[in-house]
Structures are given as structure tokens and as C-alpha cells.
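To get the working numbering, take the position in the sequence shown, counting from 1, and add 28. Don't be surprised by glycine CBs; every beta carbon is placed ideally from N, CA and C.
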Amino acid sequence: MVGALLVMAGHDWVLVACHTFFSWLQLVVSTSGVIAG
Numbered sequence: 029m030v031g032a033l034l035v036m037a038g039h040d041w042v043l044v045a046c047h048t049f050f051s052w053l054q055l056v057v058s059t060s061g062v063i064a065g
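Okay, here's the thing in C-alpha cells:
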């Protein structure tokens, strides 16, 4: 999985970074919702 990410990053690291960030952000929001709820 890491190797695939490195290959993708070699082509378009910005897209990978954005995808990773939004995936993390969604996880944080979901976790916060569970804690708040």
C-alpha cells in the first residue's frame, strides 16, 4: 500500500496529499461526532 502511494505521489503528489488530508479530516469529524453525540 505504501509502495502504491509512493508511485502515485511520484506522478501527482498534490492529489495524493489532498486525498490523504480529506480522508483524515473525515475520520476526525466522524470521531468528533461520536464523542459529542
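query, result
"Look up Gly65 in the DSSP assignment and say whether it is helix, strand or coil.", "coil"
"Just the C-alpha distance for Ile63 and Val56, rounded to the nearest angstrom, thanks.", "10 Å"
"Taking the C-alpha atoms as reference points, what is the distance between Ser60 and Leu53?", "10 Å"
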